[in-house]
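Working notes, structure below.
Rendered as structure tokens:
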């Protein structure tokens, strides 16, 4: 008799323990970094620095989508540089995180990379700091977008 009452309670307890894991959902978010109107460069490095820095939370990974287009033919590489800060005030000048992709003539390029939480350990903020290319007729960056898990 007691077993008849205990069995439904036991099943209910097991279902209750399993529900939170099944009901959890991962939320993703994006943010677009501010890039000034001077985000163009011809065969050299721009001095563009973003006015906006993104604050990382501990244990957070990050993806980067950058979009640009060349002013003419060519397939040389373009490098998007991102500066990082361990304290939110001082930013790196030489060991920047980068995203590199080949130009495709005048066709727009959308390049992507990502970094795990372990690769970003100790970093508090990240910002766009400029572009480098050997494309003689220049490139213009139109978007730098960050993706993250909340």
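Numbering (my numbering), first residue to last: 40 to 189.
By construction, the Cβ of each residue, glycine as well, lies at the ideal position given by its N, Cα and C atoms.
Keep in mind it's a predicted model, so treat the numbers as computed, not measured.
Whole-angstrom distance between residue j and residue i, CA atom to CA atom
i           : j           : result
residue 128 : residue 187 : 22 Å
residue 163 : residue 133 : 17 Å
residue 97  : residue 169 : 26 Å
residue 160 : residue 140 : 25 Å
residue 152 : residue 144 : 21 Å
residue 148 : residue 142 : 7 Å
residue 185 : residue 91  : 12 Å
residue 167 : residue 115 : 21 Å
residue 28  : residue 107 : This structure leaves residue 28 out entirely; the chain is present only between 40 and 189.
residue 111 : residue 157 : 39 Å
residue 154 : residue 130 : 18 Å
residue 71  : residue 182 : 7 Å
residue 178 : residue 150 : 14 Å
residue 99  : residue 126 : 16 Å
residue 123 : residue 103 : 14 Å
residue 68  : residue 165 : 16 Å
residue 121 : residue 109 : 20 Å
residue 94  : residue 135 : 16 Å
Segment limits, beta strand (DSSP E) that includes residue i
i           : result
residue 127 : Premise fails: residue 127 is in no beta strand (DSSP E) and is neither H nor E.
residue 171 : 164–172
residue 137 : 136–141
Anticipated Cβ contact below 8 Å, residue i with residue j, distance rounded
i           : j           : result
residue 82  : residue 146 : Incorrect: roughly 19 Å between the Cβ atoms, too far for contact.
residue 119 : residue 138 : 4 Å
Per DSSP, cross-strand counterpart(s) of residue i
i           : result
residue 102 : 153, 186
residue 79  : 179
residue 70  : 185
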